[in-house]
Amino acid sequence: MSEETKKTKIGYYPGCAITKCSTSEEYGTSVLGVSRVIGPELVEIDDWNCCGASSAHATNHKLSTALSVRNISLAEKDGYDEVLAPCPMCSQRLIVSQDDVENDEKLRKEVEDAIEMPISRNVKVSNYLEIVKNYSMDEITEKQKKKPEGLKIASYYGCLLVRPPKILKFDDPENPKTMDDIVKAIGAEAVDWEFKTNCCGGGFTLSKPDIVIKLTHDILEGAIDAGANAIAVACPMCHANLDMRQQAIEKEYGRKFNLPIVYISELIGLALGLKPKDLGMDKHFIDTDSVIDTFSDIEK
Amino acid sequence: MKIKITTKELKSDFAKEVEDRSGIDVKKCYQCGKCTAGCPVAYEMDYMPNQIIRFVQLGLRKEALTSRTIWLCASCVTCTTRCPKEVKIAELMDVLREMALEEGVANPMEKDITTFHKAFLNSIKKHGRISECGMLMEFKRKRPKAALKSVLQDVADGSQLMMKGKLSLAPHDIKGKDNIKRIFEKLG
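Structure follows, in structure tokens:
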């Protein structure tokens, strides 16, 4: 990779769920840990705010748009042309809001008035898989220290990385491949399965736990039946629903899964030889040792 | 399901109002049902997603805005993605929810969902970011029954989360929280 790309600095928008002391902090920990080894350099956007997530767009479109685009304007003010939002709820909200103000002059003016800043037209918002694919695939191969043996991964994308496809323009919405390519690049097997882009119930985890338990059960069952030893995710909500609720799911359906749910960033980190604890893998509810133990040093 | 449609409803401009607010033209829908076929939450809904579109097409304002369906939509956007006529169904659910709240007709059976949204937004309004603990407390205070329903699970989650250092008690205020407050005052 050229020197110029290596120096690329990307604005980092963690969002609420993956910052320190939050329910999915290990996602942020592992994304940052991996970027320190293989780049690109990530710098947190100053004074970012919550994008409003489901609760804003489900109840107030203008408010949702303003909360999202304020962060893009802050990123532009800080001098970034690209922003990484590892949480797909955030990246989807930011990108859709950007598209909404681009196509509605009246909305743009109202939102600019509310956020008290001009709206940026030039900042590209990316999800984590895009960043890895566009900047780091060669680096992973170059700097890989450990390789998994016999590890079968079900790559789970969920909803918000790929939908709505016309606006997000990322991968195939019915059968995405980007995460599978990363899984294969580190030497694990990417299993073929049917639930890649099924919904986990997302933000209903507190308000409608019954729905979440049904949908996540189907996903766990699909992964196990396809022969996976673990599910890889790139979304804090998917992770929380599949990992934290897994014991409740087992109880409800009378089937033991004990299936580790790992972030794709954690898998990359393990391949780079980072310590599981430094990747936050001790923070999971379902033990991840069975995944960690498949990794061993590459003889060079 | 028996719904009597009045001429007044048929001649109403509900569909036009929805289009003006959202740019979504429901007339394009020819009721193929693909949205419903792919909807992961259809099994819980009182009306199927394509029926909600039909209500809007026919001017059945009350049926659409008081449905449980609009709240049960998980915003997974599978419907919009697969619609052969490019009707943005998930986004239509957003605008119908917004109208239901404005008119005070949101279905009381889904109060757990509306209360959760409110608690979530209140946390942003106060701090600029989500205080998970504060939001959870507000939700539990306002919907004790819902909290009770899954109390064992939630308490287990909460205490395990704390043990793992994943649930912060202290909210984090951003510097620009006054700006966030003004955003809520202008648009909220």
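Those protein sequence lines, which keep their order, are chains A and B.
Just so you know, we're using my numbering here: the first sequence kicks off at 1 and counts up by one.
Just so you know, we're using my numbering here: the second sequence kicks off at 1001 and counts up by one.
For every residue, glycine included, the Cβ atom is placed at its ideal position computed from N, Cα and C.
- Inclusion of S54 of chain A and L94 of chain A in the CB contact set at 8 Å is not warranted, their separation being larger than that value.
- The beta carbon of G1134 of chain B does not come within 8 Å of any beta carbon belonging to chain A, so the residue lies off that interface.
- Ranked by Cα distance from V1077 of chain B, the options B:L1092, B:E1063, B:A1064 and B:R1068 are led by B:L1092.
- DSSP, read as helix, strand or coil, puts Y128 of chain A in helix.
- Rounded to whole angstroms, the gap between the alpha carbons of V1026 of chain B and K1111 of chain B is 27 Å.
- In terms of Cβ geometry, C1032 of chain B and C1079 of chain B do not form a close pair [threshold 8 Å].
- Distance from the CA atom of E1138 of chain B to the CA atom of G1188 of chain B, rounded to whole angstroms, is 19 Å.
- By the C-beta density criterion, I1124 of chain B is buried, having at least 16 other C-beta atoms within 10 angstroms.
- For the pair H284 of chain A and I249 of chain A, the CB atoms are not nearer than the 8 Å cut-off.
- For K1028 of chain B, the nearest beta carbon of chain A is not closer than 8 Å to its own beta carbon.
- Sequence-distant partners of S265 of chain A (beyond 5 residues in either direction) whose C-beta falls short of 7 Å from its own C-beta, in its chain, are Y27, S30, V31, V34 and Y128.
- Chain order gives no chain A residues near A1064 of chain B, where near means a beta carbon separation below 7 Å; the closest approach is about 16 Å.
- The contact set of K1008 of chain B on chain A, defined by CB atoms closer than 7 Å, is empty, because the minimum CB distance reaches about 28 Å.
- Listed along chain A, the residues sitting closer than 7 Å to D1094 of chain B by beta-carbon distance are H57, A58 and H61.
- Beta-bridge annotation (DSSP): L1096 of chain B is not paired with any residue.
- In the structure shown, S97 of chain A adopts helical secondary structure according to DSSP, grouped into three states.
- Rounded to the nearest whole angstrom, the C-alpha separation of A17 of chain A and I1070 of chain B is 26 Å.
- Residues of the region 1077 to 1090 of chain B with a C-beta less than 9 Å from any C-beta of chain A: V1077, T1078, T1080, T1081, R1082, E1086, K1088 and A1090, listed in chain order.
- The beta strand (DSSP E) runs of length 3 or more contained entirely in the region 46 to 111 of chain A are, from start to end of the chain, 82 to 84.
- As computed with DSSP, E189 of chain A is found in a beta bridge with A:K152.
- In the three-state scheme derived from DSSP, where H, G and I count as helix and E and B as strand, G1134 of chain B is classed as helix.
- Between S126 of chain A and E82 of chain A, the CB-CB gap stays under 8 Å.
- Assigned with DSSP and collapsed to three states, S1067 of chain B falls in coil, not helix or strand.
- Non-local beta-carbon contacts of G1128 of chain B in its own chain, meaning distances under 7 Å to residues more than five positions away in sequence, involve D1173, I1174, G1176, K1177 and I1180 in chain order.
- A contact is defined here as three or more CB-CB pairs under 8 Å, and the region 252 to 266 of chain A meets this definition with respect to the region 232 to 243 of chain A.
- The beta carbon of L1101 of chain B lies closer than 8 Å to those of T1114 in the same chain, with the five residues before and after it left out.
- The contact set of R255 of chain A on chain B, defined by CB atoms closer than 8 Å, is empty, because the minimum CB distance reaches about 17 Å.
- Within the same chain, Cβ atoms closer than 6 Å to the Cβ of E44 of chain A are found at Y12, the five residues on either side in sequence being excluded.
- The C-alpha of F295 of chain A lies about 33 Å from the C-alpha of E252 of chain A.
- The three-state secondary structure of E41 of chain A, taken from DSSP, is strand.
- Excluding its 5 nearest sequence neighbours in each direction, L1161 of chain B has C-beta neighbours in its own chain below 7 Å: L1167, listed in chain order.
- In this structure P40 of chain A touches I131 of chain A by the C-beta definition: roughly 7 Å separates them, less than 8 Å.
- Between the alpha carbons of K184 of chain A and A190 of chain A lies a distance of about 6 Å.
- Distance from the Cα of C1073 of chain B is smallest, within the candidate group A:D297, A:Y135 and A:G202, for A:G202.
- Ranked by Cα distance from L1121 of chain B, the options A:G79, A:L151, A:H57 and A:C87 are led by A:H57.
- At a cut-off of 8 Å, the C-beta of T216 of chain A has no neighbouring C-beta in chain B.
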